[in-house]
Amino acid sequence: MARALSPRRKMLFTAAGWTAALLLFFPILWTFLTSFKTEGEAIALPPSFFFFDWTLENYFEVQERSNYFHHAMNSVIIAFGSTFLGLLIAIPAAWSMAFSPGKGTRGLLMWMLSTKMLPPVGALIPIYLIFRDLGLLDTRTALVVVLMLMNLPIIVWMLYTYFREIPGDILEAARMDGASLRKEITYVLVPMAVPGISSTLLLNVILAWNEAFWTLNLTAVDAAPLSAFIASYSSPEGLFWAKLSAASTLAIAPILVLGWFSQKQLVRGLTFGAVK
Amino acid sequence: MGAITLENVLKTFDDTTVIHGVDLTIDDGAFVVFVGPSGCGKSTLLRLVAGLEDVSGGTIRIDGEDATAVPPAKRGLAMVFQSYALYPHMSVYNNIGFPLKMAGLDRSAIRAKVEAAAATLNLTPYLSRRPGQLSGGQRQRVAIGRAIVREPKAFLFDEPLSNLDAALRGTMRLELSELHQKLATTMIYVTHDQVEAMTMADTIVVLNGGRIEQVGSPLELYRRPANLFVAGFIGSPKMNLVDGDAAQRFGAGTVGVRPEHLRLSNDSGDWQGTVGVAEHLGSDTFLHIEVDGIGKMTARAGGDFEAGHGDRIFLSPQSDQLHRFGADGLALQ
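Below, the structure written as structure tokens:
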């Protein structure tokens with residue numbers, strides 16, 4: 418039954434929604450505005466909101482000092498690479514958990530999730546040493562592998578949830594129709610799970626894109642993605658808010674655009690199965 | 060080619076045994092119906108034949124060859140599911156063609172077979188649609204089309220008509236029977252609806268509690284039920300079962316009389332009772348009668364039989380149509 422809201426309550430809820438949205442968005446907006454200020458204006462008190470001398474100087478300087486496109490390319494490779502590799506492993510894993518569960522499946526899922534409860538720094542030294550000995554420090558391969566491992570539990574869990582919404586009958590029908598396990602997954606399961614798989618992909622690309630702990634600790638120059646590019650503006654010569662903001666804006670712009678265009682898919686995927 | 064033999068087939072889930080050592084021989088070309096109440100194991104038995112469940116013991120032979128460990132894809136059987144289980148992301152054409160694609164046929168061969176199947180099933184105008192754009196009956200036909208294109212050794216139907224409305228169910232029942240006559244391929248059909256079982260089957264297998272109660276032709280089961288369970292399950296309205304003194308008079312623990320084998324009279328008879336409800340169907344009248352000293356009985360009379368609530372009436376079982384059962388529930392010869 419539809420719940421009717423009185424106009425006053427409706428206004429109240431709308432105001433609450435806008436307040437929450439603005440609170441969430443404000444840091445991004447402030448970063449964006451600061452990136453167009455001079456360093457002096459960036460730290461001025463009281464801060465000016467819109468009325469300052471707009472300048473692109475920070476962007477030129479950032480591009481001059483470091484190679485944005487090199488880092489952006491690293492980010493793309495690491496974020497998409499780790500997500501695709503993760504999907505490749507997680508799809509069969511989630512299939513077996515959703516459609517052929519055993520006695521230990523529930524425990525296995527919880528155990529996988531529990532690895533996310535460990536602070537990553539706890540694993541830093543062993544992983545650093547292993548990668549050093551393998552000669553993988555500051556390589557994109559290392560980051561693809563590490564970020565894939567970090568996000569794998571989330572990928573498996575998300576896919577597992579989506580797959581469970583798919584009627585087992587349909588997969589059994591494919592089996593009766595002569596499909597091998599591989600064909601059952603590629604021709605029937607994956608196409609049916611497209612909304613779920615794409616939202617998993619998007620969410621994990623975003624997580625990997627914004628990941629800063631491993632990218633900062635395992636890279637220096639060659640494999641450094643945009644998160645390392647931002648960080649390089651935050652320390653050595655004191656804080657340069659305007660340049661840091663310009664770097665941040667450049668770093669989040671691609672993922673913001675991607676998120677904007679795929680938000681419909683993302684929302685659909687995140688609520689997949691909630692309503693039939 | 061499609062003779063199926065089950066030898067001492069056993070199925071357990073954890074500690075629960077759902078199929079207790081079933082032996083069954085299904086001849087090539089037969090239309091066999093597994094019927095029984097919910098939870099009797101009929102669907103499980105079908106899934107064991109399909110290979111979708113692994114047997115816990117015993118052997119399944121298809122055309123004489125041991126198929127117990129053969130995966131479902133390799134058994135050469137086709138299955139139609141209760142939910143139709145169509146591929147929602149594929150067109151009707153691709154749904155029907157899917158098994159052929161899996162078998163590695165080339166495009167032109169697939170096209171020829173899909174078009175032939177679609178013509179048989181009146182699906183030609185719908186080939187480019189998705190399952191979501193079809194009615195229940197059309198979806199069912201697509202599911203059947205997907206099964207027939209691959210020319211399987213046997214068809215397995217798992218309650219295929221239970222999602223359809225009554226009128227469509229009647230039509231599809233007829234179509235399936237015609238399809239069986241045309242293809243002459245073995246069909247195993249699972250249902251809880253004994254009308255479907257009676258009208259379609261060559262052979263009915265009545266299951267109860269994971270065991271076969273009786274195997275026989277519809278009329279055999281109707282005329283000579285082997286035990287009380289089959290007697291009560293087959294026939295609509297149900298057979299009247301009478302025990303106690305009234306049964307002992309006939310030298311049995313329980314006697315069974317079908318509603319149409321009770322003679323009704325206003326003047327005299329073996330038993331007397333009061334009419335509770337009279338259902339006038341036009342062709343028949345079903346009378347639900349509270350019989351003195353026995354309990355509720357159902358009698359079937361002609362459509363013009365006049366009786367109403369509260370009328371007193373006499374009933375007499377036709378002695379040559381009486382079913383006698385011993386204390387163990389088995390039919391007495």
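First to last, the protein sequences are chains A and B. The working numbering puts the first residue of the first sequence at 418, with every later residue one more than the last. The working numbering puts the first residue of the second sequence at 60, with every later residue one more than the last. Don't be surprised by glycine CBs; every beta carbon is placed ideally from N, CA and C.
DSSP-derived helix/strand/coil call for residue i
| i | result |
| --- | --- |
| residue 339(B) | strand |
| residue 376(B) | strand |
| residue 691(A) | Any reading at residue 691(A) needs caution, since the residue's pLDDT is 44, under 50, leaving its predicted position unreliable; the model's value is listed next. Reduced to three states, the DSSP call for residue 691(A) is coil. |
| residue 586(A) | helix |
| residue 286(B) | strand |
| residue 129(B) | coil |
| residue 532(A) | helix |
| residue 632(A) | helix |
| residue 146(B) | coil |
| residue 610(A) | coil |
| residue 357(B) | strand |
| residue 443(A) | helix |
| residue 154(B) | helix |
Alpha-carbon to alpha-carbon, residue j and residue i
| i | j | result |
| --- | --- | --- |
| residue 221(B) | residue 643(A) | 58 Å |
| residue 664(A) | residue 601(A) | 46 Å |
| residue 424(A) | residue 430(A) | 10 Å |
| residue 90(B) | residue 616(A) | 47 Å |
| residue 497(A) | residue 161(B) | 32 Å |
| residue 691(A) | residue 583(A) | Confidence at residue 691(A) is low in this model, with a pLDDT of 44, below 50, so its placement is unreliable and the value that follows should be read with caution. Their Cα atoms are separated by approximately 13 Å. |
| residue 370(B) | residue 273(B) | 39 Å |
| residue 75(B) | residue 206(B) | 32 Å |
| residue 580(A) | residue 540(A) | 31 Å |
| residue 504(A) | residue 208(B) | 35 Å |
| residue 216(B) | residue 641(A) | 59 Å |
| residue 545(A) | residue 480(A) | 30 Å |
| residue 469(A) | residue 658(A) | 15 Å |
| residue 522(A) | residue 610(A) | 21 Å |
| residue 451(A) | residue 572(A) | 36 Å |
| residue 268(B) | residue 631(A) | 59 Å |
| residue 439(A) | residue 449(A) | 14 Å |
| residue 351(B) | residue 192(B) | 57 Å |
| residue 264(B) | residue 275(B) | 7 Å |
| residue 484(A) | residue 672(A) | 18 Å |
| residue 211(B) | residue 189(B) | 25 Å |
| residue 564(A) | residue 184(B) | 51 Å |
| residue 589(A) | residue 218(B) | 16 Å |
| residue 543(A) | residue 109(B) | 51 Å |
| residue 181(B) | residue 203(B) | 12 Å |
| residue 650(A) | residue 146(B) | 53 Å |
| residue 596(A) | residue 69(B) | 27 Å |
| residue 385(B) | residue 129(B) | 43 Å |
| residue 123(B) | residue 98(B) | 29 Å |
Cutoff 6 Å; reference residue i; Cβ partners in own chain excluding five residues on either side
| i | result |
| --- | --- |
| residue 45(B) | Lying outside 60 to 392, the shown extent of chain B, residue 45(B) is not represented and no answer is given. |
| residue 270(B) | 79 |
| residue 693(A) | With a pLDDT of only 34 at residue 693(A), under 50, the local geometry of the prediction cannot be trusted, and the value read off the model is given with reservation. Hits under 6 Å: none found. |
| residue 84(B) | 64 |
| residue 639(A) | 555 |
| residue 388(B) | 286, 287 |
Close beta carbons around residue i, own chain, < 7 Å, minus the five adjacent residues each side
| i | result |
| --- | --- |
| residue 465(A) | 458 |
| residue 127(B) | 114, 118, 119 |
| residue 173(B) | 152, 155, 156, 208 |
| residue 532(A) | 570 |
| residue 106(B) | 112 |
| residue 510(A) | 573 |
Contact belief for residue i with residue j at Cβ below 8 Å, rounded distance in angstroms
| i | j | result |
| --- | --- | --- |
| residue 152(B) | residue 186(B) | 4 Å |
| residue 176(B) | residue 63(B) | No, residue 176(B) and residue 63(B) are not in contact; Cβ-Cβ is about 24 Å, not under 8 Å. |
| residue 414(B) | residue 296(B) | Residue 414(B) lies beyond the residue range present for chain B, which begins at 60 and ends at 392; the question has no answer from this structure. |
| residue 249(B) | residue 93(B) | 5 Å |
| residue 514(A) | residue 526(A) | 6 Å |
| residue 131(B) | residue 592(A) | 5 Å |
Neighbourhood of residue i by C-beta, 8 Å cutoff - its chain only, sequence neighbours within 5 removed
| i | result |
| --- | --- |
| residue 320(B) | 376, 377, 380, 381 |
| residue 355(B) | 335, 347, 348, 349 |
| residue 223(B) | 195, 196, 199, 231 |
Residue i CB to nearest heavy atom of the ligand SAH below 8 Å
| i | result |
| --- | --- |
| residue 112(B) | What this structure holds is no ligand at all, so the ligand SAH is not there to describe. |
Residues of the stretch 600-627 of chain A whose Cβ lies closer than 7 Å to any Cβ of chain B, in chain order: Along the stretch 600-627 of chain A, going in chain order, the ones with a CB nearer than 7 Å to a CB of chain B are 600, 605, 608, 609.
Selection of the stretch 587-598 of chain A by Cβ proximity to chain B, strictly under 7 Å: Close to chain B, meaning a Cβ-Cβ distance shorter than 7 Å, are the following residues of the stretch 587-598 of chain A: 587, 589, 590, 592, 593, 594, 595, 596, 597.
Residues within the stretch 501-528 of chain A neighbouring chain B, beta-carbon criterion of under 8 Å: Cβ contacts with chain B: none found.
Selection of the stretch 552-586 of chain A by Cβ proximity to chain B, strictly under 8 Å: Those residues of the stretch 552-586 of chain A that come within reach of chain B (Cβ to Cβ, closer than 8 Å) are 584, 586.
Chain A contacts from the stretch 148-176 of chain B (Cβ-Cβ distance under 7 Å): For the stretch 148-176 of chain B, which is checked against every Cβ of chain A, the residues closer than 7 Å are 148, 157, 158, 161, 162.
Residues from the stretch 186-203 of chain B in contact with chain A, defined by Cβ distance under 9 Å: Within the stretch 186-203 of chain B, the residues whose Cβ lies closer than 9 Å to some Cβ of chain A are 202, listed in chain order.
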